[in-house]
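Undergrad:
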Amino acid sequence: MILVLVEVSPAGEAVETSREAVTFARDLAAAGGGVPIDAVLVGTPGDALVGVLASYGVRRVHALTGPAYESFCGAAWAAGLLEVRERAGSVVVMAAGTPRGNEVLAHVAARTSLPMAANVVSFEGLSPFTVTRQVVGGAALEEMRLAQRPAIFTVAGHAVAAAPAEAPGAGELVVETPTVADADLVARVVSTEEPEPDLSGALTSARVVVGAGRGAGSAEGFDDLLELADLLDASLGVSRVVTSLGWRPHHEQVGQTGSRISPDLYIPCGISGAIQHWAGCSSAKTILAINTDPDAPMVTKATHAVIGDLHEIIPAVNAEIRRRRG
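Using the UniProt record's numbering, the letters of the sequence shown map in sequence onto residues 1 to 326.
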C-alpha cells in the first residue's frame, strides 16, 4: 500500500502539489500491480475534499485530529503519519516536495532510520526501487536506490501533471486521533500572519508569468512590466536580487528560495538566469527571454529570445497589444 501525505489549503482543498503527488503515486501503484493508495491529511475534511481525493484514485482518507493538529508541527504530523503507516503496513510513504512535505518526511525518515529521497521527478524499476531526483536546486539530477521499506520520498513540484484517475477510489474516511508526545510539540506554529495582497496573482498556478530581474533598474522600473502582466492576465515573478534590493516583495520571487513555477509561457526580462533562478522556472513550457546580453544563461536556455533593453522592448510590446485590441 502507498501512503501519501496530502496538504490542505485554508479553503479546505487539496493543494495542487499534493494532487500531483497522488497522481505520481497512482503511476507507482500501477507499476506495482495495482496496490491501493491511502491519503493522510490533518483536520476533518469536507465531503468535497474526500470526493476529490477519491476521484484521484484514493481508497481511504485518514484524517489526523486532536489538539496536537490544530496548527502545523512537523514532528507531530510525522508521529501521526507513522502511526497510520504501522497499522496499514504501507511499503511507500510519500508527500509533495513542499517545505512542509519535506520537513514531515524528514522526521519520518529519522524516526525509522531509513533514507529519504527529496524532490523526486521519476522512478524506474521496483526491485530495487530506483528514483531520479532534483539536486543543486534542480540544476542536476541524481539517481537514488531505496532498497529498504518503507520507501520514503517527496515528489518535486510539477514533476507530473495532476489528473484524476480513470477509475475512482472508494474514498472511505477514517478519523484518527494519534498519540503525540509532549516532545513532539516543542517546535510548532503558534501564530500566522497574512502576507500583503499579491497583486500579481498566484505564481504557482499562473499560466503566464512575466519575470523581472536586475535589468528593471529600480523599484520604479516595474511600471511597464506590470502593465504587460495585466495585458496578458499574467503574474509577475522576480529574481532574488530584486527582492534583496527591496524593489518587490518576497512572495513574487521565483527560484530555489522562492516559488517554483510551471506556466505555459514565461517571459523573463533582464534576468541573467543564475542556477538558483533556473531551479524555479525550468518547468515552464515556453520561455521568451528579453535581455541585453546574448550570452546570458537565460537567453541560451530560452525557447526564444529578444536581445535588447527591456525598457525599450516592453513599452513597444504593450503599445502593440493595446493597438491590436483597439
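Every residue, glycine too, gets a C-beta built ideally from N, C-alpha and C. Here the structure is a predicted model, which is why all the values come from computation and not from measurement.
1. Would you say residue 182 and residue 76 are within 8 Å of each other, going by their C-beta atoms?
2. Starting from residue 16, trace the beta strand (DSSP E) in both directions and tell me its first and last residue.
3. Would residue 126 be called buried (16 or more neighbouring beta carbons within 10 Å of its own) or exposed?
4. Would the beta-carbon of residue 27 be found less than 7 Å away from any heavy atom of the ligand ADP?
5. If you draw a straight line from the C-alpha of residue 70 to the C-alpha of residue 28, how long is it?
6. Can the beta-carbon of residue 96 be found less than 8 Å from the beta-carbon of residue 154?
7. What does the Cβ neighbour count give for residue 107, buried or exposed, with the cut at 16 atoms within 10 Å?
8. Taking all protein chains shown into account, do 16 or more other C-beta atoms lie within 10 angstroms of the C-beta of residue 319, making it buried, or fewer, making it exposed?
9. Kindly indicate which three-state DSSP category residue 86 falls into: helix, strand or coil?
10. Leaving out five residues on either side along the sequence, give the residues of the same chain with a beta carbon under 6 Å from the beta carbon of residue 290.
11. Count the CB pairs spanning the region 15-29 and the region 159-173 that are closer than 8 Å, and state whether there are at least three.
12. How should residue 175 be labelled, buried or exposed, when 16 other C-beta atoms within 10 angstroms of its C-beta is the threshold for buried?
13. Helix, strand or coil, according to DSSP, for residue 1 in the structure here?
14. Check whether the region 187-194 and the region 245-254 are in contact - that is, three or more C-beta pairs closer than 8 Å.
15. From the DSSP secondary-structure annotation, give me the bridge partner or partners of residue 268.
16. Alpha carbon to alpha carbon, how far is residue 322 from residue 300?
17. Look up residue 152 in the DSSP assignment and give the residues it is bridged to.
18. Taking only three categories from DSSP, how would you classify residue 313?
19. If you follow the beta strand (DSSP E) that residue 145 is in, where does it begin and where does it stop?
20. Less than 8 Å between the beta carbons of residue 228 and residue 241, yes or no?
21. Could you pull the DSSP bridge partners for residue 193 from this structure?
22. With distance defined between alpha-carbon atoms, name the residue in 58, 136, 116 and 159 nearest to residue 145.
23. For residue 53, count neighbouring Cβ atoms within 10 angstroms of its own Cβ and tell me buried if that reaches 16, exposed if not.
24. Do residue 80 and residue 64 come within 8 Å of each other at the CB atom, strictly closer than that value?
25. Could you have a look at residue 35 and say whether DSSP puts it in helix, strand or coil?
26. Classify residue 62 as helix, strand or coil using the three-state DSSP reduction.
27. With respect to the alpha helix (DSSP H) encompassing residue 275, which residues constitute its N-terminal and C-terminal limits?
28. Take the Cβ of residue 57 as the centre, count every other Cβ of all protein chains shown within 10 Å, and call the residue buried at 16 or more, exposed below.
29. Could you tell me which of 173, 86 and 14 sits nearest to residue 62, measuring between CA atoms?
TA: Here's the rundown:
1. As a first step, residue 182 is located in the sequence shown; it is residue number 182 there, counting from the start. As a first step, residue 76 is located in the sequence shown; it is residue number 76 there, counting from the start. Between residue 182 and residue 76, the C-beta gap is not smaller than 8 Å, which leaves the two residues out of contact.
2. In the sequence shown, counting from the first residue as 1, residue 16 sits at position 16. No beta strand (DSSP E) contains residue 16, which is instead part of the alpha helix (DSSP H) from 16-31.
3. Taking the sequence shown and counting its residues from 1, one reaches residue 126 at position 126. Exposed: under 16 other Cβ atoms inside 10 Å.
4. The ligand content of the structure shown is nil, which means the ligand ADP is not present either.
5. Reading the sequence shown from its first residue, position 70 is the one you call residue 70. Reading the sequence shown from its first residue, position 28 is the one you call residue 28. Computed Cα separation, rounded: 32 Å.
6. Counting from 1 along the sequence shown, the entry for residue 96 is found at position 96. Counting from 1 along the sequence shown, the entry for residue 154 is found at position 154. The answer is yes: Cβ separation under 8 Å.
7. In the sequence shown, residue 107 corresponds to position 107, counting from 1. When all chains shown are included, residue 107 counts as buried.
8. The sequence position of residue 319 within the sequence shown is 319, counting from 1. Exposed, since its Cβ has fewer than 16 Cβ neighbours within 10 Å.
9. Within the sequence shown, residue 86 is the residue found at index 86, counting from 1. Helix.
10. Here the question's residue 290 lines up with position 290 in the sequence shown. Cβ within range, chain order: 269, 306, 310 and 313.
11. yes
12. Residue mapping note: residue 175 aligns to position 175 of the sequence shown, counting from 1. That one is exposed.
13. Within the sequence shown, numbered from 1, the residue matching residue 1 stands at position 1. Coil.
14. no
15. Here residue 268 refers to the residue found at position 268 of the sequence shown. Residue 268 is bridged to 211.
16. The residue labelled residue 322 in the question sits at position 322 within the sequence shown. The residue labelled residue 300 in the question sits at position 300 within the sequence shown. If I take the Cα positions, the gap works out to 30 Å.
17. Numbered from its first residue, the sequence shown carries residue 152 at position 152. Answer is 93 and 116.
18. Start at 1 with the first residue of the sequence shown, and residue 313 comes out as number 313. The answer is helix: DSSP assigns residue 313 an H, G or I state.
19. Looking up residue 145 in the sequence shown gives position 145. Element bounds for residue 145: 140-145.
20. If you number the sequence shown from 1, residue 228 lands on position 228. If you number the sequence shown from 1, residue 241 lands on position 241. No, these two residues do not count as a Cβ contact at 8 Å.
21. As a first step, residue 193 is located in the sequence shown; it is residue number 193 there, counting from the start. Per DSSP, none; premise fails for residue 193.
22. Working through the sequence shown from its first residue, we reach residue 145 at position 145. With distances taken between Cα atoms, residue 145 lies closest to 116.
23. Residue mapping note: residue 53 aligns to position 53 of the sequence shown, counting from 1. When all chains shown are included, residue 53 counts as buried.
24. For the purposes of this step, residue 64 is identified with residue 64 of the sequence shown, where counting begins at 1. For the purposes of this step, residue 80 is identified with residue 80 of the sequence shown, where counting begins at 1. Yes, these two residues count as a Cβ contact at 8 Å.
25. To locate residue 35, count along the sequence shown from 1; it is residue 35. In the structure shown, residue 35 sits in coil (DSSP, three-state: anything other than H, G, I, E or B).
26. The residue given as residue 62 occupies position 62 in the sequence shown. Reduced to three states, the DSSP call for residue 62 is strand.
27. Here residue 275 corresponds to residue number 275 of the sequence shown, with the count starting at 1. Looking at the DSSP string, the run of the alpha helix (DSSP H) that includes residue 275 is 275-281.
28. Working through the sequence shown from its first residue, we reach residue 57 at position 57. With 16 or more other Cβ atoms within 10 Å, it is buried.
29. Taking the first residue of the sequence shown as 1, we reach residue 62 at position 62. Closest option to residue 62, Cα to Cα, is 173.
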